[in-house]
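To start, the structure under review is shown below, and the notes come after it.
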Amino acid sequence: MTALGLALVAALAAPGLPTGEGLPIRVKAAVNFVDVISLNESAHTFKATIDVRLRWRDERLVFRASDAPVGFREVNDAAVTAMLADVWAPDIAVINQQGDATNTHVGLRWFPDGRLELMRRSTGEFSIAIDAHKFPFDYQDLVIDLGSLREPASRVALVFDQDDLTMSQVSRRETLEGWTIGAVDVRRVSENGWYGATQSHVRASLRLARDPRNTVGPIFVPILAGVLIPFLALWLNKAVDHGFKIEAFELANVLIGGLFALIALNFTVNSAYTNLAGDNPISRLFAINFILLGIGLVINLAMFRYNLIHRLFGKHVHYEAFAAVLWLLPVLTIIAVAWVLAMAGA
Amino acid sequence: MKFHVHAPAVIIGAIGLVVAASTGVASRLLSQQVAGVEDRQFQSMRAILEFNLKGAEDRALSRAELIAGIPAVRAALAARNREQLLAQTAEIYKAQADKYGIDQAQFSVEPVTSFLRLNNPTKFGDDLSFRPLVVAVQRDHVARSAMSISRSGPAIFGEVPVFDLANKPIGAFEMGVDVGQVLDRLKDAYGFDMAFYVLEKPLRENATSLAGEVFDEHNRIGEYLKVHATNWTLLRDLVTGADLSRVDGEPINFVRESTRKTYGVALIGVRNPAGAPLGVIAVTSDFEVTRSAETSTRASLIATAAAGFVVLAALVLIIIRGFLLRPLAELQALQATSAAALGTPE
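Just so you know, the sequences run in chain order A and B.
Sequence positions in the first sequence follow the working numbering and run -1 to 344.
Sequence positions in the second sequence follow the working numbering and run 15 to 360.
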């Protein structure tokens, strides 16, 4: 017989779905986050050790209770693989796992009434979506997405009960630096399958809240220091009867130097935190900084170089306009920064 | 009044008042709108819960009627043949329990005595006079449904009278739907996290067969015990014993934060058929979107108003001082100098 023929025979001989209780077969799923090892925001992945428990019932596997004095039979690792070759098991995988899991241990418990409990502990890397629009006051959800690889929801339905919710927790809460570990939320989700069918998923999400204090030194202090540069270019000067005390050229140097420093800071921050590409508090603070430098350059040219206010409105308006600019710009900047921070906390 | 001091101050003050008043009115309108939206959300949450609890009562009642109407069941109960009754109903009950959330089922006979518990066949013969539902149905021979606490714990019961083949009343039959399963299904469908709390005193007095872990210390919240929760870590954060104690007749709604996320919490009191308080069901929903939108809008409103105020204040100062006060002051100074030079009074 050819290899294909042997494979066909094996497939036909494989145990079918346990349909004694009708369809869909209800497979109860639970996920325990044993240890969250690391979070790689740039790669949108996290590494963790998880326990996945699947429970279902196969009425064909009923046996006498007296044959199991402890209440169940149990096999581990290689013996599980051997047993599962002869019995039906749900083809449930962690859909968002990247690569192969390591340190995998498998255990199977088999109860007299035909209930089976498959427990798998593994360490792996899992992909997630990072939402940085509230960075650094954001929270992220570490998701483990369990789903059936082949069977539609009409044949295999992933469900959970109170027991599964009780198991779906995080074992160690102090492990991830820079983050506060929250609660695990479990939800059932339907995903589109082939030919209009849906596939049943259970998603366990562990919530992490970022500790924003870690970003004060490397991000907030340099950005807020950069805000002072255009103010410095204004405060250093002084209005006199026919113009200003300091030449426009000298203050333009300060502004252009500040501009290049800000560009370098922006590049450094975006390189270190690649998720900050879109709209978020940090990009808004940078925008405020760039706008202030632009305004500073315009004031430098219009007022210090070409003395436009003096020429158009006279020396008195020239004095008052300069005096107003000295406090108006900083106050508007404080309002803008406060708004950015308030929106981040919203 | 000194014009050069008071005029700008009065004008700026007036502008400030107008801006503050407009901002205050807009902010208040916003709060009212958000409160209205959240009120409707709370009403929806309560309506969905009450609808589903009523649905569970109807399911329990319809299943109880079906089983109580089976002639073989009626004959077995009439003959007070416990073994025959168990043989007729055990498989039916098992299917209902495995797949449809039926938690308990019990036959009772006069005078309000347990005859057979399908969920616990070894326990029977005890007095059920503490069960208002059983008492009422045996007395009136009219089907009823309600939530109550039995020896096996709280459930949503459908209780029907049982008649022998000559249509003479011979007892009652009840089926109890697991409250936890109702809550789990609501979480599935609507994403609400929910918890069912029962008053400890009646639970301890009546549910003598209930598993001991319900009475663990970590399940105690004030005078209540948590019997079921879809996310206990979250609910423990959101609902305190003081909150549960405030529930008396009318539902209570409030908004609270957990892990930097805002939740709306509705506490709905549950009573037994005699009208005595039995427990509380807490329903939580994610209010993050509404609150986030409110905070963002309010922050933008205040920032825009503040920025507008300072810009207008600066313009007033520039115009009044630059075009009016400074030129006047210079004219007065010139006048004084001329008068001094000519030796004539001003």
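Here a beta-carbon is modelled for each residue, glycine too, at the ideal position from N, C-alpha and C.
With a threshold of 8 Å between beta carbons, His232(B) makes no contact with chain A. The three-state secondary structure of Asp72(B), taken from DSSP, is helix. Excluding five sequence positions before and after Gly18(A), the CB atoms of its chain that fall closer than 6 Å to its own CB belong to Glu57, given in chain order. Put simply, the region 278 to 288 of chain A touches the region 254 to 269 of chain A. At least three CB pairs are less than 8 Å apart. For Arg309(A), the uninterrupted alpha helix (DSSP H) segment begins and ends at Leu306 to Phe311. In this structure Leu197(B) touches Phe210(B) by the C-beta definition: roughly 6 Å separates them, less than 8 Å. Buried is the label assigned to Val34(A), since at least 16 other Cβ atoms lie within 10 Å of its Cβ. Contact holds between the region 320 to 339 of chain B and the region 18 to 34 of chain B, because three or more Cβ pairs, one in each stretch, are under 8 Å apart. Setting aside the 5 residues that flank it on each side, Val261(B) is surrounded in the same chain by Leu281, Gly283 and Val294, each with a C-beta closer than 6 Å to its C-beta; the list follows chain order. Ranked by Cα distance from Ala35(B), the options Leu213(B), Gln110(B) and Ala319(B) are led by Ala319(B).
The shortest CA-to-CA distance from Asn251(A) to any of His240(A), Leu299(A), Arg211(A) and Gly215(A) is the one to Leu299(A). Scanning the region 222 to 269 of chain A from its first residue to its last, no whole alpha helix (DSSP H) run of 4-plus residues comes out. Within the region 329 to 353 of chain B, contact with chain A at the beta-carbon level (separation under 7 Å) is assigned to Leu331, Ile332, Arg335, Gly336, Phe337, Arg340 and Pro341.
Under the 8 Å criterion on CB atoms, Val279(B) is classed as non-interfacial with respect to chain A. Scanning chain A for C-beta atoms nearer than 8 Å to the C-beta of Arg165(B) yields nothing, as the closest lies near 20 Å away. In this structure His155(B) is not in contact with Pro125(B), their Cβ atoms being roughly 14 Å apart against a cut-off of 8 Å. Among the residues of chain A, those whose CB is under 9 Å from the CB of Asp198(B) are Val157, Phe158, Asp159, Gln160 and Leu163, following chain order.
Here Asp112(B) is not near Asn133(B), since their CB atoms are 8 Å or more apart. Identification of chain A residues near Val324(B) by a Cβ-Cβ cut-off of 8 Å yields Leu326, Val329, Leu330 and Ile333, ordered along the chain.
If you check each beta-carbon in the region 92 to 119 of chain B against every beta-carbon of chain A, the ones closer than 8 Å belong to Ala109, Asp112 and Lys113. The Cβ of Val214(A) sits no closer than 8 Å to any Cβ of chain B. Taking C-alpha positions only, Pro134(A) is separated from Val193(B) by approximately 41 Å.
Annotated as distal: Leu52(A) and Val32(A), with beta-carbon spacing of 8 Å or more.
Scanning the region 130 to 189 of chain B for uninterrupted beta strand (DSSP E) segments of 3 residues or longer gives 158 to 164 and 167 to 177, listed from N- to C-terminal end. Close to Glu149(A), with beta-carbon spacing below 8 Å, lies no residue of chain B; the smallest spacing is near 18 Å. Here Gly122(A) carries a strand assignment [DSSP, helix/strand/coil]. At a C-beta separation below 7 Å, Gly180(A) has these neighbours in chain B: Thr273. Note: Val141(A) is bridge-paired with Ser203(A) in the DSSP secondary-structure output. For Asp183(A), the nearest CB of chain B lies under 8 Å from its own CB, placing it at the interface with that chain. What Met341(A) touches in chain B, judged by beta-carbon distance under 7 Å, is Ser310 and Ala313, going in chain order.
Our two residues, Gly357(B) and Ile289(A), have alpha carbons roughly 56 Å apart in a direct line. Here Ser310(B) carries a helix assignment [DSSP, helix/strand/coil]. Here DSSP, grouped into helix, strand and coil, assigns Ile333(B) to helix. Among the residues facing chain A, Asp202(B) is included, as its CB has a counterpart in that chain under 8 Å away. For Gly294(A), the closest of Val184(A), Arg62(A) and Gly256(A) by C-alpha to C-alpha distance is Gly256(A). Within chain B, not a single residue places a beta-carbon under 8 Å from that of Arg53(A); the smallest gap is close to 12 Å.
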